[in-house]
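Chains as they are written, first to last, in our numbering: chain A, 2 to 323; chain B, 2 to 323. No residue lacks a Cβ here, since even glycine has one placed at the ideal position from N, Cα and C. Treat the numbers as computed from the prediction; the structure is a model and nothing was measured.
What follows is the structure, encoded as structure tokens:
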């Protein structure tokens, strides 16, 4: 079977089945936002790799080298944060066409360092290769207090599902860039920020599960439910979509709800919590968007009083964003 | 300046100048085989990223997917081993053209796991991206007892320079593959093995510096001397070159000494030790190939009683191996 006929989930599942981790000090291997390793009596070590390939995950037609460097770091920070962790160190592997100018490397590392220093992350190594097509792969190491570790698998029937902020902005921004149109969503695509500080507060407040929204709300909810062994109902009218995202979606003839559900790359957080935590969580500006239900009830979207299946959306193996 | 006009050393130095690590628990950042981090009272954490790009570092015309997976892991293990460390965990980021067959992923991960399991390494995560050109980037985490850490910077005037085994085999093998010729060196190129067990013994025996030979003996000696602040004399007639490498070099019309000095990718070890350690080290089958001298005497090759400058050799930014 050709890889393009497989979904990304299928590819990862194929690898996960092959890789059977037996070593006792790997608490979690493939299958959550990060790998979780034994580290000390009070902490786990977290490890994550995020790769951005030119014309697949972004395009140098729109992005400055600085923005690529920033997005690569923010994307890896977002995964560490989604497990309640603090990012500490990163390694950067880059592949770069040999006819690029050296100022590209200067800008790229400038962007990486600007994002990294904001979180207190040290860039400790990596490598630089020649490559016909530009890519960057960031490996991030972090730590999390044992009692503060939040996984995708802790959601329980009756928990509420919450979201940290507006969705769909990055996808609307990408749409505008492709059509050479203007709008404030563009910066959501070019310069997304990980919700690191909020994630720390949520993990301390005692939530049951969390993941970052890198692939769109719908696929992230599906992964969270699969890991937790639950179903879910998402309330379409509660999904936060900013007015600027709605405006930009309108310009593009796109349905704002669709891009919020399937757009991805907003790096907001989706998480679950017991009902009795809601009052203490609301002060963080987070919104209830649904409820965890029994697995047998499936994963549904409640839209205009109609309950429908929540589609997986955009999950095929991406060949081009251009 | 275009990147192709720069040497790899210049590119890395440009990045190193930009990245000023201040955090106190980074013992070593960019500039040795691995980054070295504080970990526990008795151990350091080692971290390394190695990237292989199709048609730059290898070619899928010659390599099976299994061999690429194995070489990627061996290459990262070699760097951890060269600091006296044990590899523990790895993350694999791959970029794969969408018209590849899924059996490619199966073979690639099979190769990675086969090498990894031999060293007791757990593959704990990574990511899979679509990419127009295939690449694989392995991030390896390891540990080393504090007193067993060996760097590139510990060589001192009067130390002897030793090498773990035959050089030039990988380069001869590549030459044969390009000319569609046959010879036993081919397997040195396709299936190199890291000298992990030997490196452990050497680190325990008390050597002063070490690095693995991934770029050829000459550039590795230059890096070791630059880090240690010394010069060196290499004895051309003492460099170990196997008879099969010599035979294969002859078929190709290549000078065996040249490919040993500049060929790279043999993953043997070059290291330095005080003279009084030589007797205890010789039992490991290692060979004395030179001597550390004062920096002001430079880095020289003693060939047929003539002392000449040791050229850097192949250090431009590689665009293609094909």
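Would you please verify whether the beta carbon of residue i is less than 8 Å from any beta carbon of chain A?
{"i": "residue 7 of chain B", "result": "yes"}
{"i": "residue 99 of chain B", "result": "yes"}
{"i": "residue 31 of chain B", "result": "yes"}
{"i": "residue 77 of chain B", "result": "no"}
{"i": "residue 268 of chain B", "result": "no"}
{"i": "residue 213 of chain B", "result": "no"}
{"i": "residue 197 of chain B", "result": "no"}
{"i": "residue 84 of chain B", "result": "no"}
{"i": "residue 123 of chain B", "result": "yes"}
{"i": "residue 96 of chain B", "result": "yes"}
{"i": "residue 19 of chain B", "result": "yes"}
{"i": "residue 316 of chain B", "result": "With a pLDDT of 49 at residue 316 of chain B, under the threshold of 50, the modelled position of this residue cannot be trusted; read the value that follows with caution. Not an interface residue."}
{"i": "residue 231 of chain B", "result": "no"}
{"i": "residue 138 of chain B", "result": "yes"}
{"i": "residue 71 of chain B", "result": "no"}
{"i": "residue 130 of chain B", "result": "yes"}
{"i": "residue 12 of chain B", "result": "yes"}
{"i": "residue 161 of chain B", "result": "no"}
{"i": "residue 51 of chain B", "result": "yes"}
{"i": "residue 227 of chain B", "result": "no"}
{"i": "residue 146 of chain B", "result": "no"}
For residue i, decide whether its Cβ has a neighbour in chain B, counting only Cβ atoms nearer than 8 Å.
{"i": "residue 133 of chain A", "result": "yes"}
{"i": "residue 191 of chain A", "result": "no"}
{"i": "residue 81 of chain A", "result": "no"}
{"i": "residue 127 of chain A", "result": "yes"}
{"i": "residue 59 of chain A", "result": "no"}
{"i": "residue 103 of chain A", "result": "yes"}
{"i": "residue 120 of chain A", "result": "no"}
{"i": "residue 27 of chain A", "result": "yes"}
{"i": "residue 48 of chain A", "result": "yes"}
{"i": "residue 74 of chain A", "result": "no"}
{"i": "residue 114 of chain A", "result": "yes"}
{"i": "residue 16 of chain A", "result": "yes"}
CB residue i to CB residue j, shorter than 8 Å?
{"i": "residue 52 of chain B", "j": "residue 108 of chain B", "result": "no"}
{"i": "residue 126 of chain A", "j": "residue 275 of chain B", "result": "no"}
{"i": "residue 285 of chain B", "j": "residue 199 of chain B", "result": "yes"}
{"i": "residue 144 of chain B", "j": "residue 140 of chain A", "result": "no"}
{"i": "residue 294 of chain A", "j": "residue 163 of chain A", "result": "no"}
{"i": "residue 136 of chain A", "j": "residue 70 of chain B", "result": "no"}
{"i": "residue 208 of chain B", "j": "residue 129 of chain B", "result": "no"}
{"i": "residue 291 of chain A", "j": "residue 233 of chain A", "result": "yes"}
{"i": "residue 270 of chain B", "j": "residue 235 of chain B", "result": "no"}
{"i": "residue 253 of chain B", "j": "residue 177 of chain B", "result": "yes"}
{"i": "residue 278 of chain B", "j": "residue 206 of chain B", "result": "yes"}
{"i": "residue 266 of chain B", "j": "residue 115 of chain B", "result": "no"}
Give the DSSP-derived three-state secondary structure of residue i in the structure shown.
{"i": "residue 168 of chain B", "result": "coil"}
{"i": "residue 4 of chain B", "result": "helix"}
{"i": "residue 45 of chain A", "result": "strand"}
{"i": "residue 276 of chain B", "result": "helix"}
{"i": "residue 102 of chain A", "result": "strand"}
{"i": "residue 83 of chain B", "result": "coil"}
{"i": "residue 214 of chain B", "result": "coil"}
{"i": "residue 161 of chain B", "result": "strand"}
{"i": "residue 114 of chain A", "result": "helix"}
{"i": "residue 128 of chain B", "result": "strand"}
{"i": "residue 323 of chain B", "result": "At residue 323 of chain B the pLDDT is 35, less than 50, meaning the model places this residue with poor confidence and gives no usable figure here."}
{"i": "residue 180 of chain A", "result": "coil"}
{"i": "residue 231 of chain B", "result": "coil"}
{"i": "residue 220 of chain B", "result": "helix"}
{"i": "residue 289 of chain A", "result": "strand"}
{"i": "residue 144 of chain A", "result": "strand"}
{"i": "residue 74 of chain B", "result": "helix"}
{"i": "residue 271 of chain B", "result": "strand"}
Would you mind reading off the limits of the beta strand (DSSP E) that contains residue i?
{"i": "residue 304 of chain B", "result": "300-304"}
{"i": "residue 62 of chain B", "result": "That residue, residue 62 of chain B, is in no beta strand (DSSP E); it is neither H nor E in DSSP."}
{"i": "residue 39 of chain B", "result": "36-39"}
Should residue i be flagged as near chain D, meaning a C-beta pair shorter than 8 Å?
{"i": "residue 2 of chain B", "result": "The structure shown contains no chain D; its protein chains are A and B."}
What first and last residue would you give for the alpha helix (DSSP H) that runs through residue i?
{"i": "residue 10 of chain B", "result": "9-19"}
{"i": "residue 258 of chain A", "result": "257-263"}
{"i": "residue 284 of chain B", "result": "Careful: residue 284 of chain B lies outside any alpha helix (DSSP H) and carries neither H nor E."}
Starting from residue i, follow its DSSP beta bridges and name the residues at the other end.
{"i": "residue 309 of chain A", "result": "A/302"}
{"i": "residue 31 of chain A", "result": "A/33"}
{"i": "residue 139 of chain B", "result": "B/51 and B/93"}
{"i": "residue 236 of chain B", "result": "B/303"}
{"i": "residue 88 of chain B", "result": "B/143"}
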